[in-house]
Amino acid sequence: MLEKPKIIHLVLDVLKPHQPPLPEFASFVGELPGLTRVDISVVEMDEKTESLRIIVDGSSIDFEELKAHMARQGAVIHSVDKVIVE
Amino acid sequence: MLEKPKIIHLVLDVLKPHQPPLPEFASFVGELPGLTRVDISVVEMDEKTESLRIIVDGSSIDFEELKAHMARQGAVIHSVDKVIVE
Amino acid sequence: MLEKPKIIHLVLDVLKPHQPPLPEFASFVGELPGLTRVDISVVEMDEKTESLRIIVDGSSIDFEELKAHMARQGAVIHSVDKVIVE
Amino acid sequence: MLEKPKIIHLVLDVLKPHQPPLPEFASFVGELPGLTRVDISVVEMDEKTESLRIIVDGSSIDFEELKAHMARQGAVIHSVDKVIVE
Amino acid sequence: MLEKPKIIHLVLDVLKPHQPPLPEFASFVGELPGLTRVDISVVEMDEKTESLRIIVDGSSIDFEELKAHMARQGAVIHSVDKVIVE
Amino acid sequence: MLEKPKIIHLVLDVLKPHQPPLPEFASFVGELPGLTRVDISVVEMDEKTESLRIIVDGSSIDFEELKAHMARQGAVIHSVDKVIVE
Amino acid sequence: MLEKPKIIHLVLDVLKPHQPPLPEFASFVGELPGLTRVDISVVEMDEKTESLRIIVDGSSIDFEELKAHMARQGAVIHSVDKVIVE
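The listed protein sequences derive, respectively, from chains A, B, C, D, E, F and G.
Residue 25 in the working numbering sits at position 25 of the first sequence, with consecutive numbering throughout.
Quick note, the working numbering runs 100 ahead of the 1-based positions in the second sequence.
Quick note, the working numbering runs 200 ahead of the 1-based positions in the third sequence.
Quick note, the working numbering runs 300 ahead of the 1-based positions in the fourth sequence.
Quick note, the working numbering runs 400 ahead of the 1-based positions in the fifth sequence.
Quick note, the working numbering runs 500 ahead of the 1-based positions in the sixth sequence.
Quick note, the working numbering runs 600 ahead of the 1-based positions in the seventh sequence.
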């Protein structure tokens with residue numbers, strides 16, 4: 001790897017308020033440059049929040065930007081469970 | 101993703117009255133533009149309703165339209181369990 | 201889906217008397233137009249009937265015709281467990 | 301299916317005396333026209349008989365002939381567990 | 401199958417003394433004409449013998465010859481668990 | 501293998517302080533020459549450290565260099581669970 | 601198999617002292633002619649030794665040489681669990 005290694009895959013635990021609904025939130029996340037696919041599954045529903053498992057693929061994912069982008073919708077990255085770098 | 105990200109895959113929990121029967125309902129759902137495949141499995145049968153797991157694939161799925169379309173047959177989306185955006 | 205969506209896959213629970221025997225019944229079902237494959241497995245054997253899981257594939261399956269066709273051999277579709285429409 | 305549907309796959313429970321031994325019996329079954337493959341597994345061994353699970357593939361399998369053919373070696377088809385017709 | 405059906409696959413339970421060691425025994429079995437692959441796994445080790453599961457593939461396997469061949473090393477075919485004929 | 505065999509795959513148990521965060525650490529590991537992919541999963545989170553399972557692929561991985569490289573971020577290789585050499 | 605059958609795959613249980621470390625040991629094993637891949641997983645760690653499961657692939661593996669080669673590093677083949685010959 002002579003070039004700077006790039007994050008191509010992330011698995012995240014995310015906590016998000018019920019609003020916006022999942023399809024809208026997924027579309028919003030997908031607007032971030034460098035992402036090619038966003039796969040969101042609901043893990044648990046609580047009264048005010050939902051726990052999501054988000055798998056993000058891309059050619060080059062900027063983690064800090066992704067974090068800030070999600071925060072605009074009130075979603076918090078609770079943990080990073082997997083990172084693949086190439 | 102310079103273009104607007106598109107929903108290409110949805111997994112839904114849906115509650116539907118026994119009428120119309122499943123094959124007819126599946127054909128009805130499949131009439132919505134932007135869908136290429138509708139896969140419906142019965143999860144549970146109650147006296148008046150049936151719980152369905154519906155997997156929808158398409159090139160660009162409009163969630164709000166899909167919701168309104170199903171409602172015309174009395175079917176209610178109970179939860180969105182998975183969304184994939186590309 | 202501009203054209204009318206077509207049923208291409210059905211999973212059925214079917215109850216059938218012991219006669220005709222399974223190979224003959226499967227051939228009979230397969231005579232229906234629009235079907236390309238009929239896969240029948242025995243789920244349970246009772247004294248007078250057998251419970252079958254029938255998976256039907258086709259380019260365009262007419263459910264009502266399939267139902268009527270099976271009824272000619274005394275077989276009753278007990279439930280539709282899965283439908284795929286394309 | 302305009303042409304007559306053909307049985308291409310059968311799963312059978314068969315009871316057979318210990319003689320002839322399995323390799324010889326499998327070769328004997330395979331001599332029937334229309335068969336391309338015979339896969340026999342031993343399920344249980346009793347004092348006088350062995351229970352076999354026989355999977356037969358072919359381009360067009362005549363079930364009645366197969367039954368009569370096996371009977372010549374004392375083997376009895378106990379049940380038909382799966383039929384695929386194309 | 402107009403030509404004589406051929407055994408192409410056998411699964412055998414074999415009991416063999418500890419000598420010769422497994423790699424040598426496998427090479428010895430593989431010397432038999434008509435075989436293309438011999439796959440031997442140890443199932444159990446006793447004080448004087450080892451139980452082997454032997455999977456033999458070939459274009460045309462002569463079972464009687466295989467039995468006699470193994471016997472030359474003291475190995476006894478305890479049972480034939482699977483036969484495939486084509 | 502006439503040439504010197506090369507390590508192409510390693511599975512490691514690694515203990516690392518919470519800082520730097522996982523995406524940053526993965527990118528750092530990926531900067532080492534000879535690596536083509538770094539896959540890090542979190543196994544356990546403690547108060548001060550996290551246990552990681554790191555799978556490293558490359559055309560030729562220098563284990564001693566990898567160890568020294570990770571140590572610069574306070575990460576310790578606890579055990580090597582798998583090595584593939586070609 | 602007109603030519604002499606060749607061992608192409610071996611699964612071994614091996615006991616080895618902690619020194620040399622696994623990456624170094626794997627590279628050492630891989631130096632033996634006729635081997636194309638060495639895959640070593642740790643099964644158990646004791647105070648003085650480690651139990652390894654070693655999968656060796658090659659075009660033609662000489663078992664006796666492999667045994668002698670490993671012994672030079674103090675590693676003992678405890679059992680041969682699988683052999684494939686072609």
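Note that the Cβ used here is the ideal one computed from N, Cα and C, for glycine as well.
Here the structure is a predicted model, which means the values were calculated and not measured.
Using a threshold of 7 Å, state whether the C-beta atoms of residue i and residue j are closer than that.
i                      : j                      : result
residue 511 of chain F : residue 526 of chain F : no
residue 359 of chain D : residue 313 of chain D : no
residue 209 of chain C : residue 257 of chain C : yes
residue 7 of chain A   : residue 76 of chain A  : no
residue 151 of chain B : residue 115 of chain B : yes
residue 22 of chain A  : residue 183 of chain B : yes
residue 420 of chain E : residue 449 of chain E : no
Which residues mark the beginning and the end of the beta strand (DSSP E) in which residue i is found?
i                      : result
residue 50 of chain A  : 49-58
residue 465 of chain E : First-last for residue 465 of chain E: 463-471, but that is the alpha helix (DSSP H), not the beta strand (DSSP E).
residue 386 of chain D : Where residue 386 of chain D is concerned, there is no enclosing beta strand (DSSP E), given that its DSSP letter is neither H nor E.
residue 510 of chain F : 507-517
Name, please, each residue of chain D whose Cβ falls closer than 7 Å to the Cβ of residue i.
i                      : result
residue 239 of chain C : 384
residue 227 of chain C : 305, 307 and 385
Using a cut-off of 8 Å between C-beta atoms, extract the partners of residue i located in chain G.
i                      : result
residue 580 of chain F : 621, 622, 623 and 642
Quick one: give me the first and last residue of the alpha helix (DSSP H) that residue i is part of.
i                      : result
residue 632 of chain G : Counting along the chain, residue 632 of chain G falls outside any alpha helix (DSSP H), and DSSP gives it neither H nor E.
Under 9 Å between beta-carbons, which chain G residues line up against residue i? List them in chain order, please.
i                      : result
residue 449 of chain E : Simply none; closest approach about 14 Å.
Q | Segment contact, 8 Å Cβ cut-off, at least three pairs: the region 28-45 of chain A with the region 65-78 of chain A | A | yes
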